[in-house]
Every structure is written in structure tokens, then in C-alpha cells.
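Visitor: Below you will find the structure I want to go over with you.
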Amino acid sequence: MKPFLLWVTIAVSFTSCSRDEIRPHSRQSTAMETYVSVTTYDGNLSQHDAYALIDSAFAEINRIEHVMTDYSESSEIGTINRLAGKDTVEVSDEVVSLLQASLSFSQQSAGAFDVSIGAIVKAWDFLSSEPEVPSRSKIRMVLRLTGFKNVMVEGTKVFLTEKGMRLDLGGIAKGYAVDRAVEILKRNGVQHAIVDIGGNLGVWWEGTRGVDSTVAEILVRHPRKDGKYFGSLKVGTAGVSTSGDYQRYFFHDGVRYHHIIDPATGYPARDVVSVTIIASDALNADALSTLVFVLGREKGMNFIKDREGVEGIIVWEKEGVLHHELSPGLQGKFTRSDD
Ligand code: ADP
Ligand code: MG
Numbered sequence: 001m002k003p004f005l006l007w008v009t010i011a012v013s014f015t016s017c018s019r020d021e022i023r024p025h026s027r028q029s030t031a032m033e034t035y036v037s038v039t040t041y042d043g044n045l046s047q048h049d050a051y052a053l054i055d056s057a058f059a060e061i062n063r064i065e066h067v068m069t070d071y072s073e074s075s076e077i078g079t080i081n082r083l084a085g086k087d088t089v090e091v092s093d094e095v096v097s098l099l100q101a102s103l104s105f106s107q108q109s110a111g112a113f114d115v116s117i118g119a120i121v122k123a124w125d126f127l128s129s130e131p132e133v134p135s136r137s138k139i140r141m142v143l144r145l146t147g148f149k150n151v152m153v154e155g156t157k158v159f160l161t162e163k164g165m166r167l168d169l170g171g172i173a174k175g176y177a178v179d180r181a182v183e184i185l186k187r188n189g190v191q192h193a194i195v196d197i198g199g200n201l202g203v204w205w206e207g208t209r210g211v212d213s214t215v216a217e218i219l220v221r222h223p224r225k226d227g228k229y230f231g232s233l234k235v236g237t238a239g240v241s242t243s244g245d246y247q248r249y250f251f252h253d254g255v256r257y258h259h260i261i262d263p264a265t266g267y268p269a270r271d272v273v274s275v276t277i278i279a280s281d282a283l284n285a286d287a288l289s290t291l292v293f294v295l296g297r298e299k300g301m302n303f304i305k306d307r308e309g310v311e312g313i314i315v316w317e318k319e320g321v322l323h324h325e326l327s328p329g330l331q332g333k334f335t336r337s338d339d
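Residue numbers (this note's numbering): 1 to 339.
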């Protein structure tokens with residue numbers, strides 16, 4: 001069967017069903033500064049019901065964006081940032097639990113994942129039309145404003161200890177929003193769906209789980225060839241996320257500067273070019289793809305191996321050639337398709 005090619009980094013094709021069973025209903029839009037695609041694949045869902053549910057999923061994604069964005073000074077995250085070093089902020093349980101999850105990823109990775117990376121990300125300003133490499137003194141300054149240990153969460157009160165510190169949930173919020181959108185579809189009886197926010201996928205296929213199921217074929221985008229795929233793997237219900245140095249970047253003096261930052265140096269993490277993580281949900285896949293990217297090839301693969309239910313593909317480049325390594329659970333399940 002031909003894959004349903006979405007206009008996205010990762011595409012899907014269902015392998016074990018007839019066309020009638022998988023009649024897709026899909027909407028694409030943008031949110032959280034990237035593309036969003038919500039698709040249901042239930043043959044017994046009327047067109048009207050399918051689109052109503054897809055709209056509810058989009059409404060949830062938009063709601064989460066408004067809570068978590070650091071672009072607005074009045075969002076919950078924007079308020080925490082605005083009052084950094086000055087005052088505690090009372091936030092919703094939802095923000096507390098996402099911050100707790102983020103801090104736990106920081107602890108597990110000795111700070112490779114750090115939700116307080118905001119001042120550094122702002123200094124790099126990858127979204128600007130003409131991004132520049134910040135000066136070394138600027139990097140030194142924003143490094144002092146980064147550190148998950150300076151994010152205080154007590155009950156529903158949050159305080160950033162330094163003036164100028166900023167939270168940036170860009171490495172985890174999309175995965176969270178994917179899970180919430182999937183949850184809405186699931187709660188309303190949808191049996192098969194895929195939500196994709198900028199390469200953070202939630203695959204929901206009732207009765208299946210992880211890399212031992214083969215219902216959805218995920219095509220992993222090629223890190224160096226636009227519009228091409230690096231390889232494919234099949235999964236059932238899971239979160240699948242790819243972090244790459246090709247998503248937001250610029251070149252300066254022949255060097256690629258991209259948006260995944262090593263909090264230890266303040267500069268883009270250099271060891272690998274792309275990390276794909278398959279986990280039980282999209283929140284974990286999103287955060288772990290960023291985290292493993294920063295840890296790099298060896299430490300990153302060890303991190304994956306140590307975690308039950310987490311699998312991954314790490315891609316690195318040496319003298320212009322791409323190499324990849326699979327975690328043990330993916331052996332024989334990933335087909336490379338490039339060159
Ligand atoms: P994408 O946003 O393209 O899906 P990622 O999930 O890898 O990619 O997240 C990268 C984003 O996460 C950056 O744009 C930034 O907002 C934030 N970020 C960058 N470095 C880190 C880090 N070390 N820890 C946590 N978040 C980070
Ligand atoms: Mg991420």
C-alpha cells in the first residue's frame with residue numbers, strides 16, 4: 001500500500017488494514033511555531049464527527065500554546081519569566097506538572113536537558129530573519145542565567161531565582177500537547193489516530209504498543225537531504241520524536257549553528273545530527289530526543305539503553321558521511337533508505 005504522505009518530517013502508512021478500515025480524516029494547520037497535523041483513521045467515524053473531534057484536538061493544542069509560550073508576557077510561563085528574580089508566581093497544576101517533569105529530566109541527565117535554557121536561546125535568536133553568533137561575553141552572561149537548580153517549584157508556586165532567567169519549554173511542550181490532543185480523541189472513542197506537531201508524533205492505535213507492533217510506518221526525515229527520508233520503522237501506539245540540527249539553524253563561516261543547545265557551554269550541541277526516540281508517549285519522546293541529542297552519541301545511547309520502554313536512533317556525521325546506531329530493541333526493525 002502507498003504511504004499517506006503528510007507534508008511533514010515524518011510520514012505514515014498503515015500496513016495491516018484494508019482501505020475501508022482506515023478511512024483518514026485529517027486537518028493541517030500551524031501552532032507552537034511549527035506545522036500541526038491531526039488525522040483519525042477510523043472507518044466507522046462519520047466525516048462530521050471526525051472533523052468535530054479533530055477541531056477539539058486543535059483547540060486543546062492552541063490552549064496549551066497560550067499557557068506555555070514564552071513569547072507572551074502574560075502567559076503563565078511569560079509571567080514566571082517577567083517576574084524572575086523578583087517574585088513567586090502562582091501557576092496551574094498543569095504548568096507545575098510539566099515543570100516537574102522537565103526538572104526530573106534535568107536531574108536524570110545532569111542538566112543536559114534544561115528548561116531554564118531560555119536566556120541562552122534568546123541570545124541565539126534562531127527565529128530572527130538574520131540570526132548571528134552571540135559574542136563570547138554574551139554567552140558567559142546568559143550561562144549565568146541558566147540552571148535548573150535555580151527553578152524553585154513549591155506546591156503551585158514557581159520562582160526563578162535570578163533576574164533575567166527564562167523558562168523555555170520548547171523541548172517538551174509540543175510532546176505534551178500531542179499527548180493531550182491524542183487523549184481527547186481517545187476519550188471520545190477514536191480508535192486510530194496520529195497527531196504530529198513539528199515532528200513530535202503521537203501514534204494511537206488501540207490494542208497495540210511500541211516497536212513490537214507494526215501498524216504505522218514512520219519515515220524518519222533525512223538530516224541532510226531536503227524532502228528525502230533517512231529510513232523507516234514500524235510502530236504501534238507510541239510517542240515518536242526527532243530532534244535534528246537541520247530544523248532551525250544558520251551557517252556562519254561555514255559552521256552550522258542550530259537550536260539544540262548544550263547548557264554546559266551555551267553553544268549548539270555538536271556530537272550528533274539527529275536523534276529519533278520512540279517512547280510510551282510523546283512527552284517522553286520529545287524531551288528525550290532533545291536530551292539524548294545534547295548527551296551525544298555514546299552517553300546518549302547509554303541513556304536510552306538504561307530506560308525501559310525507550311528506543312532510539314542516533315545519527316552522526318563524519319567527514320561528510322552519515323552513520324547511525326540503533327538501540328537494542330530496534331535491531332532489525334529500522335530500514336535505512338538513503339544513498
Ligand atoms: P523541535 O523544537 O524542533 O521539535 P526539540 O524538541 O529538540 O526540537 O527542541 C528544541 C528546542 O528546545 C529549542 O528550540 C529550545 O526552545 C529548547 N532547547 C534547546 N536546548 C535545550 C536543552 N538543552 N534543554 C531543554 N530545552 C532545550
Ligand atoms: Mg524535544
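Cβ atoms here follow ideal geometry from the backbone N, Cα and C, with glycine treated the same way.
For a quick check, are the C-beta atoms of Val133 and Tyr249 less than 8 angstroms apart?
Guide: As a first step, residue 133 must be located in the sequence shown, where it is residue number 133. As a first step, residue 249 must be located in the sequence shown, where it is residue number 249. For Val133 and Tyr249, no; Cβs fall outside 8 angstroms.
Visitor: If I follow the unbroken beta strand (DSSP E) through Gln28, where does it start and stop?
Guide: Taking the first residue of the sequence shown as position 1, residue 28 is located at position 28. That run of the beta strand (DSSP E) goes 25-31.
Visitor: May I have the straight-line CA-CA distance separating Arg209 from Ser104, to the nearest angstrom?
Guide: Along the sequence shown, one-based indexing puts residue 209 at 209. Along the sequence shown, one-based indexing puts residue 104 at 104. Distance between the alpha carbons of Arg209 and Ser104 is about 25 angstroms.
Visitor: Starting from Phe230, follow the alpha helix (DSSP H) in both directions and report where the run begins and ends.
Guide: As a position in the sequence shown, residue 230 is number 230, starting the count at 1. No alpha helix (DSSP H) contains Phe230, which is instead part of the beta strand (DSSP E) from 229-235.
Visitor: Pick helix, strand or coil for Asn44, following the three-state DSSP scheme.
Guide: What you label residue 44 is simply residue 44 of the sequence shown in a count that begins at 1. Correct three-state label for Asn44: coil.
Visitor: Could you work out which residue in Asp114, Ile260, Pro131 is closest to Asp245 when comparing CA atoms only?
Guide: If you number the sequence shown from 1, residue 245 lands on position 245. Nearest C-alpha to Asp245: Ile260.
Visitor: What's the gap between the Cα of Phe113 and the Cα of Lys299?
Guide: Locating residue 113 in the sequence shown gives position 113, where the first residue counts as 1. Locating residue 299 in the sequence shown gives position 299, where the first residue counts as 1. Distance between the alpha carbons of Phe113 and Lys299 is about 13 angstroms.
Visitor: If I measure Cβ to Cβ from Ser26 and keep anything under 6 angstroms in the same chain, skipping five residues before and after, which residues do I get?
Guide: For the purposes of this step, residue 26 is taken as the residue at position 26 of the sequence shown. Thr39, listed in sequence order.
Visitor: Measuring CA to CA, which of Met165, Val151, Ala31 is closest to Met141?
Guide: On the sequence shown, position 141 is the one that residue 141 refers to. When only C-alpha atoms are compared, the closest one is Met165.
Visitor: In three-state terms, what does DSSP make of His66?
Guide: Numbered from its first residue, the sequence shown carries residue 66 at position 66. Looking at His66 - three-state DSSP - the assignment turns out to be helix.
Visitor: Verify whether the separation of the beta carbon atoms of Thr242 and Ser280 is less than 8 angstroms.
Guide: Counted from its first residue, the sequence shown places residue 242 at position 242. Counted from its first residue, the sequence shown places residue 280 at position 280. No, Cβ-Cβ distance for Thr242 and Ser280 is not below 8 angstroms.
Visitor: When DSSP labels each residue in this structure, what does Ser97 get in the three-state scheme?
Guide: Here residue 97 refers to the residue found at position 97 when the sequence shown is read from its first residue. Correct three-state label for Ser97: helix.
Visitor: Would you check whether the ligand ADP has a heavy atom nearer than 7 angstroms to the C-beta of Val67?
Guide: Residue numbering aside, residue 67 sits at position 67 when the sequence shown is read from its first letter. It does not: the Cβ of Val67 is nowhere closer than 7 angstroms to a heavy atom of the ligand ADP.
Visitor: Reducing DSSP to helix, strand and coil, say where Pro328 ends up.
Guide: Taking the first residue of the sequence shown as position 1, residue 328 is located at position 328. DSSP places Pro328 in helix when its eight states are reduced to three.
Visitor: From Tyr71 to Asp226, what does the alpha carbon distance come to, in whole angstroms?
Guide: Residue numbering aside, residue 71 sits at position 71 when the sequence shown is read from its first letter. Residue numbering aside, residue 226 sits at position 226 when the sequence shown is read from its first letter. Cα to Cα, the separation comes out at about 29 angstroms.
Visitor: Taking Cβ to Cβ, would you say Thr88 is nearer than 8 angstroms to Lys157?
Guide: Counted from its first residue, the sequence shown places residue 88 at position 88. Counted from its first residue, the sequence shown places residue 157 at position 157. Yes, Cβ-Cβ distance for Thr88 and Lys157 is below 8 angstroms.
Visitor: By how many angstroms is the C-alpha of Glu217 removed from the C-alpha of Ile313?
Guide: Translated into the one-based positions of the sequence shown, residue 313 becomes position 313. Translated into the one-based positions of the sequence shown, residue 217 becomes position 217. The alpha-carbon atoms of Ile313 and Glu217 are separated by roughly 15 angstroms.
Visitor: Check whether the Cβ of Ala31 sits closer than 7 angstroms to any heavy atom of the ligand ADP, and report yes or no.
Guide: Here residue 31 is taken as the residue at index 31 of the sequence shown, counted from 1. Result no, Cβ not under 7 angstroms from the ligand ADP.
Visitor: Hey, Val292 and Ile304: beta-carbon distance below 8 angstroms or not?
Guide: The count along the sequence shown starts at 1 and reaches residue 292 at position 292. The count along the sequence shown starts at 1 and reaches residue 304 at position 304. Taking 8 angstroms as the Cβ cut-off, Val292 and Ile304 qualify as a contacting pair.
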